[in-house]
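Its first residue numbered 264, the first sequence is counted upward by one per residue in my numbering. Report on the structure given below.
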Amino acid sequence: MSSLNLHPKIKTMLQLQHIREHKDAFVAALQKRNLDAESMLSQVLELDEKRRGLQTELDATLAESNKLSKEIGQLFKSGKATEANELKAKTGDLKEASKKMGDNLNAAAAELTELLYQIPNVPHTSVPTGNSDEDNEEVFREGDIPQLITAALPHWELARKYDIIDFELGVKVTGAGFPIYKGKGARLQRALISYFLDKNTEAGYTEMQVPHLVNQASGYGTGQLPDKEGQMYHVTADDLYLIPTGEVPITNIFRDNILKKEDFPIRYTGYTPCFRREAGSYGAHVRGLNRLHQFDKVEIVRVEHPENSYAALDGMVEHVKNILRELKLPYRILRLCGGDLGFTAALTYDFEVFSTAQDRWLEISSVSNFETYQANRLKLRFKDDNGKNQLAHTLNGSALALPRVLAGILENYQTEDGIKIPEALVPYCGFDTID
RNA sequence: GGAGAGGUGCCGGAGUGGUAACGGAGCAGAUUGCUAAUCUGUCGACGCGUAAGUGUCGCAUGGGUUCGAGUCCCAUUCUCUCCGCCA
């Protein structure tokens, strides 16, 4: 991973001191991810010790060398050139030694960094154990599952019937997974984006428009790199990545920041398209809108004081609930188990809408607290009451991801006279039926 | 894309080889009593130390020259101005 060379200053990825003091707790907590971190963390601590030893050694050598340089300078100033030249001869060894130590130090630091990048976030205590999505814990369910007409269709057939989404046309223009929305379908997309942004703004989130391509440093900042390298579209000519989620550009706004306590709470929202290579996906579950290479999403992001981050997470969950209530879609909330939890998250709630025609749940939102994991990579800190720099907490969630909401609306709102538009969206659409 | 000029700490801004002036902001302490002034200190990273403290690094980034680099050399990158192109 040559890219690591670009981040020589990031030496402490996972708060090394914390690992040093609580290694066993780390190992135990990571067990929930079915990860045996024992040897990895031992190696980290070993490398860290080595690194610190090298640094102490190097510092002493450099101090010596600085001292000599100063003396030489003084001697030259006072015209004692002969003595100065004598001293100069002595500095050669020091120079050589410090160069060697510096190389060793850099090598150790790089090795350590690379290792730390491979360690996922520590799950929150409430995260259930488990291996896969089947072990996720349902914590909430709401909304009536509608009684559909007998000739009810899945959304990809509805899309064709009413000519609102053309998957084949997208294949021609780009490839599979890049649908083209047409007419009322396109309008409904735009309506959803506006509606979500309005709801988020009303709830106190500031709307942002952000780039859809990001640099490598941003990818590392929020943790997509190096973990998800292969999942992102990479524009190699300019070494930029197409964003897999608005989380990346929005959260990276705060990279290398030291906030003041009064800056909290920070609440941003933004609409972006999202690009995912989804290499290796196939089968019925990726049909229609279920999984795409490009889709639209409205994201909410918060930066919080550590004491408030879980209250903030609850607030985000309530906010998403309110939107789904207003759209009158049946949904449930899952607390992700250790095996299904994303690399960077400490706790994640997934929202799923029930697709009546497909008879399955579709994930439409994922709301997570990353605690200090991203902040550590982002170097996003704030001054606490003692004037010390402390890592902030970051959170984000979808409010909401469009394709599956659209799928849910199409399928659950279908009638013999066409698809009814949820009441809340009618003002945004300008029509109340797709027929 | 071409030409030129630039990038110095939280902000402004000096500094063409001797180890980051000066001004302002924020914070902390002191002091005076009053919607504030004054004085002092502090400001990023990584070590060592229980601590007071102390060392190293940081002048866009990465290399190089030198006993010593903000200063000289090379590469990269970003910003600004002009030209070109352009929704």
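Glycine is no exception: its CB is placed at the ideal position from the N, C-alpha and C atoms.
Identify whether residue i lies in helix, strand or coil by the three-state DSSP scheme.
i	result
Asn394	coil
Thr657	strand
Ile335	helix
Ala620	coil
Phe699	Given a span of 264 to 698 for the chain in the structure shown, any question on residue 699 remains unanswerable.
Phe403	strand
Pro690	helix
Asp429	strand
Ile521	strand
Gly681	strand
His497	strand
Leu310	helix
Asn675	helix
Leu279	helix
Ile529	strand
Thr324	helix
Val580	helix
Thr413	coil
Asn369	helix
Glu541	coil
Thr696	strand
Asn329	helix
Val549	helix
Asn463	helix
Ile443	strand
Thr514	helix
Thr469	strand
Asn652	strand
Val385	coil
Which partner residues does residue i have in the DSSP bridge list?
i	result
Val561	Tyr534
Asp613	Leu597, Ser629
Ala664	Lys560
Going along the chain, which residues of its own chain have a beta-carbon closer than 8 Å to the beta-carbon of residue i, five neighbours each way excluded?
i	result
Leu298	Pro383
Arg644	Asn520, Ile521, Leu522, Ala638, Asn652, Gln653, Leu654, Ala655
Pro507	Gln487, Lys491, Gln494, Met495, Cys537, Phe538, Arg539
Leu325	Ser361
Ser328	Thr354, Leu357, Lys358, Ser361
Below 6 Å CB to CB, which residues in the same chain sit around residue i once its five sequence neighbours on both sides are set aside?
i	result
Glu634	Ala609, His656
Leu587	Tyr594
Pro569	His656
Tyr676	Ile682, Lys683
Gly467	Arg530
Leu293	Ala300
His281	none
Would you mind giving the Cβ-Cβ distance between residue i and residue j, rounded to the nearest angstrom? I have them listed as a contact below 8 Å.
i	j	result
Gly671	Ile563	That belief does not hold up - the Cβ atoms of Gly671 and Ile563 are roughly 19 Å apart, past 8 Å.
Asp511	Gln472	Looking at the sequence itself, residue 511 is Val, so the reference to Asp does not match. Not a contact, Cβ separation roughly 14 Å.
Val561	Ile529	17 Å between Cβ atoms; not a contact.
Thr532	Thr469	7 Å
Thr514	Thr485	5 Å
Arg296	Leu604	7 Å
Tell me which residues share the same chain as residue i and place their Cβ nearer than 7 Å to its Cβ, disregarding the 5 neighbours each side in the sequence.
i	result
Ala664	Phe558, Lys560, Ile627, Ser628
Gly407	Per the sequence shown, residue 407 should be read as Asp rather than Gly. The answer, listed in chain order, is Pro593.
Phe517	Val566, Leu641, Leu643
Ile251	Since the first residue of the chain shown is 264 and the last is 698, residue 251 is not available in this structure.
Query raised in the report: Any contact of the region 627–644 with the region 416–435, i.e. 3+ C-beta pairs under 8 Å?
Result: Touching, no.
Query raised in the report: Any contact of the region 588–596 with the region 612–621, i.e. 3+ C-beta pairs under 8 Å?
Result: As far as the Cβ criterion goes, the region 588–596 touches the region 612–621, which means the pair count is three or higher.
Query raised in the report: For the region 548–555 against the region 406–421, are there 3 or more C-beta pairs whose distance is under 8 Å?
Result: Look at the beta carbons and you see the region 548–555 touching the region 406–421: at least three pairs across the two are nearer than 8 Å.
Query raised in the report: Using 8 Å as the threshold, is the region 366–377 in touch with the region 305–325, meaning 3 or more CB pairs across them?
Result: Counting Cβ pairs under 8 Å, three or more are found: they touch.
Query raised in the report: Below 8 Å, can you find three or more Cβ-Cβ pairs linking the region 388–403 to the region 599–606?
Result: Yes: the two stretches touch, three or more of their Cβ pairs being nearer than 8 Å.
Query raised in the report: If you pair each beta-carbon of the region 431–446 with each one of the region 457–465, do three or more pairs fall below 8 Å?
Result: They do not touch, by the three-pair rule.
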